[in-house]
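Take 66 as the starting number for the sequence shown in the working numbering and just add one per residue. Each residue gets a CB set at the ideal place from its N, CA and C atoms; glycine is no exception. The next block holds one structure in the form of structure tokens; read it before the comments.
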Amino acid sequence: MSTKQEGMEQPLEEHEQAARSFMASHAQIVWSVSTGTTVDDAPLCRVFIGQGEEEMRGQSWLEAVHPDDRERMMYTWRNTLVTLKACETSCRLRRPDGSYGTFAVRAVPLFEQDGRVREWVGVSTDITAHQRLEDELRASEERFRLTFEQAAVGIAHVGFDGRWLLVNPKLCDIVGYAQEELLVQTLHAVLMPDDLSTAFTDAQRLITGEQQTYARELRFQRKDGVLVWVNLTVTLVRNQAGWPLYFLAIAEDVTARKQAEQQRQLNQLKDQFILHMNHELRTPLTSLLGSLDLLRMQQGQLDAASQVQFLETAISSCGELLQLVNSVLDALTITEQMIPPQGEEIAVASLVRDVLEHLDPGEEQVDRLSLDIPDRLTVWANEQLLRQVLRNLLSNAFKYCPKPAPVVVSAVQIDQDEREAHFAPSVCIGVQDAGPGIPPEELPLLFQQFTRLKRDLSGQAGGSGLGLYISKRFVEAMGGRIWVESPGINRQGSRFCVLLPGRPSSPGTTGA
Numbered sequence: 066m067s068t069k070q071e072g073m074e075q076p077l078e079e080h081e082q083a084a085r086s087f088m089a090s091h092a093q094i095v096w097s098v099s100t101g102t103t104v105d106d107a108p109l110c111r112v113f114i115g116q117g118e119e120e121m122r123g124q125s126w127l128e129a130v131h132p133d134d135r136e137r138m139m140y141t142w143r144n145t146l147v148t149l150k151a152c153e154t155s156c157r158l159r160r161p162d163g164s165y166g167t168f169a170v171r172a173v174p175l176f177e178q179d180g181r182v183r184e185w186v187g188v189s190t191d192i193t194a195h196q197r198l199e200d201e202l203r204a205s206e207e208r209f210r211l212t213f214e215q216a217a218v219g220i221a222h223v224g225f226d227g228r229w230l231l232v233n234p235k236l237c238d239i240v241g242y243a244q245e246e247l248l249v250q251t252l253h254a255v256l257m258p259d260d261l262s263t264a265f266t267d268a269q270r271l272i273t274g275e276q277q278t279y280a281r282e283l284r285f286q287r288k289d290g291v292l293v294w295v296n297l298t299v300t301l302v303r304n305q306a307g308w309p310l311y312f313l314a315i316a317e318d319v320t321a322r323k324q325a326e327q328q329r330q331l332n333q334l335k336d337q338f339i340l341h342m343n344h345e346l347r348t349p350l351t352s353l354l355g356s357l358d359l360l361r362m363q364q365g366q367l368d369a370a371s372q373v374q375f376l377e378t379a380i381s382s383c384g385e386l387l388q389l390v391n392s393v394l395d396a397l398t399i400t401e402q403m404i405p406p407q408g409e410e411i412a413v414a415s416l417v418r419d420v421l422e423h424l425d426p427g428e429e430q431v432d433r434l435s436l437d438i439p440d441r442l443t444v445w446a447n448e449q450l451l452r453q454v455l456r457n458l459l460s461n462a463f464k465y466c467p468k469p470a471p472v473v474v475s476a477v478q479i480d481q482d483e484r485e486a487h488f489a490p491s492v493c494i495g496v497q498d499a500g501p502g503i504p505p506e507e508l509p510l511l512f513q514q515f516t517r518l519k520r521d522l523s524g525q526a527g528g529s530g531l532g533l534y535i536s537k538r539f540v541e542a543m544g545g546r547i548w549v550e551s552p553g554i555n556r557q558g559s560r561f562c563v564l565l566p567g568r569p570s571s572p573g574t575t576g577a
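Structure below.
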């Protein structure tokens, strides 16, 4: 190679190195072409695609375009030459090492004074990294979409007002609503009212930052009215500045597990009940048989007073047996969905006196009863069911209240609320004793089947463990509510409250 040639090649190499440095720093290729489809020369482009000057002339530049993009690029370019409008597109160009980079291409025409196109000037910007990020973002969004739509648990975005912002198919399946139906409702529409306050408190703690997430088992009510248990896990989503955006809720249907747990607990309670009833039935039966047997064996030898005493013992034992049998029969008649019983207007004070008279025919407890009920106060209820409820509550009160402490039965009228607009003001009946009270940890168990408190298992107080369960179901069947208030302190006792609706209002009225 001559010295002259070497001298010519050196500036060329320096020019190409400068071109590579420019492209590396700007990620752009500036090029121009004549009025046709051929390229005269584009040094920056040649450097990127690795073609020589001769290769670059004409249409050889198309060889550097990805095979899948060539036909589209030729069509786009020819259409641009016809319309004489700016062209914006993208394609993949091959690098010297054989890899491809993605470029955004923009070309505009330069016109002569007579309106003819003198040349086209274009800029190709390397958007490979940007395109890669977009592809990764799309792939990530697709993964999220598939996870969201195909998840085996319910997933939702929930607004601060409780509105469903986004729900997946599994959540719709859990609550029985179509997606478009659910999105126009709020969480309150499916969450049971008893669980609303708990959910609200947990949400407030997330917003204030007291906790990052919470998980709780709650009850949803499906569109068809069926209750489902869900394990609800909620997290508050915030933006980069820390401002809260929405709640992310994940709901797992645990109804089958809860039902299995409840059935297992019920079986355990039944076993305990059988053991307990074995003792409860044997005690009055033994007393009954013993009294009658003594009467038979000592017939003619007992004076009248002794005979009466044995007969009274036998009658009392029969009464205990009858009460036990009635409790079991009442429990067996209760179903999950009880048909609302026929109601009637009942004078509360009169019914309480009548119940006590049958409960205490010997009038041993009359002096201990303190009645604080207006004579004209009435409720709308089923007399047979309310009678059974009052009998259970009074029987328990006298059983646990030490003599001569009084048992106080009161009733007051409660102002009507919006939920009971078709009823007169409700009536709250209270039965207060001065017994040992109920420990706070045992209060939630009180109205369950076959429940006996620890004090009952270790003491002398008998019972089937069904009375309060029966009372609760009867009160609810009459449209009311029953609960207990107790500090759990001896001699301060317990107060059982029964809330029942007043009589139905006359047409056009809402008052009593």
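In this chain, S475 is not harboured by any alpha helix (DSSP H); it is covered by the beta strand (DSSP E) spanning 472-479. Using a Cβ distance threshold of 7 Å, V540 and V563 count as a contacting pair. For R270, the CB contacts under 8 Å within the same chain, skipping 5 residues up- and downstream, are Q276, Y279 in chain order.
Distances from the alpha-carbon of S435 to those of L451, P258, R418, L424 put R418 closest. Under the three-state reduction of DSSP output, C562 falls in the strand class. Straight-line spacing of the CA atoms in A446 and L421 works out to 19 Å.
DSSP places L353 within a helical segment (H, G or I) once states are collapsed to three. Boundaries for V302: no alpha helix (DSSP H) harbours it, while the beta strand (DSSP E) harbouring it runs 292-303, taken from the DSSP string. Straight through space, the alpha carbons of G500 and R452 are spaced by roughly 23 Å. Residue burial is scored here from C-beta neighbours: L297 has at least 16 other C-beta atoms within 10 angstroms and is therefore classed as buried. One thing to note: V295 has its Cβ no nearer than 7 Å to the Cβ of A321. For R281, the three-state secondary structure derived from DSSP is strand. Taking each of G355, P504, C493, R538 in turn and checking the Cα distance to F512, the smallest one comes out for R538. Taking C-alpha positions only, I494 is separated from V444 by approximately 10 Å.
Straight across, the Cα-Cα distance linking E153 with E201 is about 24 Å. When the beta-carbon positions are compared, V188 and R210 stay at least 7 Å from each other.
V223 has W229, F312 as its beta-bridge partners, per DSSP. Sorting A243, L248, A221 by C-alpha distance to the C-alpha of V302 places A221 at the top. Of L158, H195, L149, the smallest CA-CA separation from M138 is found for L158.
Spanning the alpha carbons of W229 and T212 requires a straight line of approximately 19 Å. Here A379 is near L353, since their CB atoms are less than 7 Å apart.
When only Cα atoms are considered, S536 and V390 end up about 16 Å apart. Here I547 carries a strand assignment [DSSP, helix/strand/coil]. Counting the other Cβ atoms within 10 Å of the Cβ of G545 gives 16 or more, which makes it buried.
Within a 10 Å sphere around the beta-carbon of S415 sit fewer than 16 other beta-carbons, which makes this residue exposed.
Only exposed fits D226, as fewer than 16 other CB atoms lie within 10 angstroms of its CB. The distance from the Cβ of Y165 to that of H195 is about 15 Å, inconsistent with a contact at the 8 Å cut-off. Counting along the chain, no beta strand (DSSP E) covers I272; the unbroken alpha helix (DSSP H) around it starts and ends at 258-273.
A residue is called buried once 16 or more other Cβ atoms fall within 10 Å of its Cβ, and I272, having fewer, is exposed. Just so you know, the alpha carbons of D432 and S356 end up roughly 30 Å apart.
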